[in-house]
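J.:
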Amino acid sequence: MSAPLIGQYDPAMTGFMNETQARYRQVFRTQNAATMLIDGTSRAGIEAVLVSALRPGDRVLVPIFGRFGHLLAEIAQRAGADVHTIEVPWGEVFEPEQIEAAIRNVQPRMLAIVQGDTSTTMCQPLEELGAICRAHDVFFYTDATASIVGNDLRADDWQLDAVSVGLQKCLGGPSGSAPVTLSDRLVDWMRQRRKVEAGIRTEAHQDGSEPFIRSNYFDLPMILDYWGEERLNHHTEATTMLYGASECARLVIEEGLDQAIERHRQHGDAMLAGVQALGLKPFGDLNHKMNNVVGVAIPDSVDGDTVRAQMLTDFGIEIGTSFGPLHGKIWRIGTMGYNARKSAVLQTLSCLDNCLAVNGYRGPRGEAVQAALESYAHA
Ligand SMILES: *Cc1c(COP(=O)(O)O)cnc(C)c1O
Numbered sequence: 016m017s018a019p020l021i022g023q024y025d026p027a028m029t030g031f032m033n034e035t036q037a038r039y040r041q042v043f044r045t046q047n048a049a050t051m052l053i054d055g056t057s058r059a060g061i062e063a064v065l066v067s068a069l070r071p072g073d074r075v076l077v078p079i080f081g082r083f084g085h086l087l088a089e090i091a092q093r094a095g096a097d098v099h100t101i102e103v104p105w106g107e108v109f110e111p112e113q114i115e116a117a118i119r120n121v122q123p124r125m126l127a128i129v130q131g132d133t134s135t136t137m138c139q140p141l142e143e144l145g146a147i148c149r150a151h152d153v154f155f156y157t158d159a160t161a162s163i164v165g166n167d168l169r170a171d172d173w174q175l176d177a178v179s180v181g182l183q184k185c186l187g188g189p190s191g192s193a194p195v196t197l198s199d200r201l202v203d204w205m206r207q208r209r210k211v212e213a214g215i216r217t218e219a220h221q222d223g224s225e226p227f228i229r230s231n232y233f234d235l236p237m238i239l240d241y242w243g244e245e246r247l248n249h250h251t252e253a254t255t256m257l258y259g260a261s262e263c264a265r266l267v268i269e270e271g272l273d274q275a276i277e278r279h280r281q282h283g284d285a286m287l288a289g290v291q292a293l294g295l296k297p298f299g300d301l302n303h304k305m306n307n308v309v310g311v312a313i314p315d316s317v318d319g320d321t322v323r324a325q326m327l328t329d330f331g332i333e334i335g336t337s338f339g340p341l342h343g344k345i346w347r348i349g350t351m352g353y354n355a356r357k358s359a360v361l362q363t364l365s366c367l368d369n370c371l372a373v374n375g376y377r378g379p380r381g382e383a384v385q386a387a388l389e390s391y392a393h394a
């Protein structure tokens, strides 16, 4: 990211853009031509997809199993969509049948669902949803910001029409760039609807829908004309973030995507074994836990924020708090990106063991690191 800045039409720059697109096709496991970066944090990617795909009145179904599901619903609402939600308790995920029943009922234009909702640490299985969406002629979008590279995601095999992510979770980069991929059928639909601007009414807006996408900055067909062969100026690409995003993908490809996912699984399992050996209760349905983060119930005998503050000030280790109904009830401990490594897991467990002890916790002591080492031995 400290490489020199160059002009956006410098042939080297257009080369970097093409290379970045090719790398993210590998990360998303897709052949989609429409694979590019949205300049902004992950929610810029979410907003670009929703505001470009949905017009006022379009029905969208958002199954919610944590905080980020509420975010998708809110952004879709602001885009003017007719938002329908279904919910499961935090700590659980949806069965495909529940989602199919809601699709039959709502008949949405789009299904928008989070893959890994970091607020609950749950990972929603997506592999069966693509076929359901195709059968009902529904576009299928997922926010995989927290899950990509730490958990399996296959945009083409799973028939996803849109995926948006960010760099700051398992991709191990800074926040500020949102890689997005779009299926040909979703791009065609967006373009069809926009044609009315040139005075051509097509079947796509016989329904009276608006021709304009209600955002200029997040107008995906315009952004695609900028990333595509036309190179029509839209915004000035955020050069430094492009370098960073490209390097994140390059490192994952160099390691191997399967290997990177397996690394997150191993270190996530070791962290889970360690916190369980401390006598802490992991949160939620462990069969659907994301590899890269674990939620643990804060024991009654300690003050959660005091332990977190001591972990940070005395040991330089930050563990997460949580939101909404889980606030003050669980900590969330990440093992993602560069922190999905043995030394980080063992140090975190050792420090947590000590912080718990000095803050009045009376559970088992001195066994967490051992349990993690055993988990590695059996991995
Ligand atoms: C962390 C996270 C985000 C982050 O959005 P930003 O705009 O980058 O802060 C979005 N979605 C999910 C599911 C996340 O876990």
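Anchor point for the sequence shown: position 299 equals 314 in the numbering used here, and the numbering is continuous, going up by one each time.
Every residue gets a Cβ at the ideal spot worked out from N, C-alpha and C, and that includes glycine.
#1: Report whether the distance from the Cβ of residue 135 to the nearest heavy atom of ligand 1 is below 7 Å.
#2: Can you give the Cα-Cα distance for residue 8 and residue 323, rounded to whole angstroms?
#3: Between 95, 93 and 119, which lies nearest to residue 101 when the distance is taken from Cα to Cα?
#4: DSSP three-state label for residue 34, please.
#5: Kindly confirm or deny that the region 327-346 and the region 269-280 touch, where touching means at least three C-beta pairs closer than 8 Å.
#6: Does the Cβ-Cβ distance between residue 229 and residue 96 come in under 8 Å?
#7: Return the chain-ordered list of same chain residues with a C-beta closer than 6 Å to the C-beta of residue 248, the five sequence neighbours on each side being excluded.
#8: Would you kindly work out how many angstroms separate the C-alpha atoms of residue 314 and residue 376, rounded to a whole number?
#9: Name the two residues that bound the continuous beta strand (DSSP E) containing residue 99.
#10: Compute every distance between the C-beta of residue 54 and the non-hydrogen atoms of ligand 1, then say whether any falls below 7 Å.
#11: Only counting runs of 4 or more residues, tell me where the alpha helix (DSSP H) segments fall wholly within the region 139-220, in order along the chain.
#12: Using only alpha-carbon positions, find the residue among 165, 155 and 262 that is nearest to residue 137.
#13: With a threshold of 7 Å (Cβ to nearest heavy atom), would residue 183 be considered close to ligand 1?
#14: Does the structure place the region 110-125 close enough to the region 147-157 that three or more beta carbon pairs sit under 8 Å?
#15: Could you work out which residue in 338, 251, 290 and 168 is closest to residue 135 when comparing CA atoms only?
#16: Leaving out five residues before and five after residue 381 in sequence, what residues of the same chain have Cβ atoms less than 8 Å from its Cβ?
#17: Got a sec? Which residues, its chain only, sit under 8 Å from residue 385 by beta carbon, not counting five neighbours each side?
#18: Let's see if you can read the secondary structure: which residues bound the alpha helix (DSSP H) around residue 229?
#19: Provide the residue(s) that pair with residue 304 in DSSP beta bridges, ordered along the chain.
#20: Of the residues 341, 49, 105 and 390, which one's Cα is nearest the Cα of residue 360?
#21: For the region 235-314, which segments carrying the alpha helix (DSSP H) assignment without a break, of at least 4 residues, lie completely within its bounds, in sequence order?
#22: From which residue to which residue does the alpha helix (DSSP H) around residue 111 run?
#23: Could you check which residue in 302, 90 and 41 has the C-alpha nearest to that of residue 98?
#24: Could you compute how far the alpha carbon of residue 25 sits from the alpha carbon of residue 239?
#25: Does the beta-carbon distance from residue 43 to residue 178 come in below 8 Å?
#26: Of the residues 67, 350 and 34, which one's Cα is nearest the Cα of residue 183?
#27: Does the Cβ of residue 80 have 16 or more other Cβ atoms within 10 Å, making it buried, or fewer, making it exposed?
#28: Closer than 7 Å to a non-hydrogen atom of ligand 1 - does that hold for the CB of residue 349?
#29: State the beta-bridge partners of residue 51 as determined by DSSP.
T.: Short version:
#1: no
#2: Coverage of the chain is limited to positions 16 through 394, which leaves residue 8 absent and any answer about it impossible.
#3: 119
#4: helix
#5: no
#6: no
#7: none
#8: 8 Å
#9: 97-102
#10: no
#11: 144-150 and 199-209
#12: 165
#13: yes
#14: yes
#15: 338
#16: 368
#17: 292
#18: Taken as a continuous stretch (DSSP letters only), residue 229 belongs to no alpha helix (DSSP H), as it is neither H nor E.
#19: 137
#20: 390
#21: 235-242, 254-270 and 272-292
#22: 111-121
#23: 90
#24: 18 Å
#25: yes
#26: 350
#27: buried
#28: no
#29: 195
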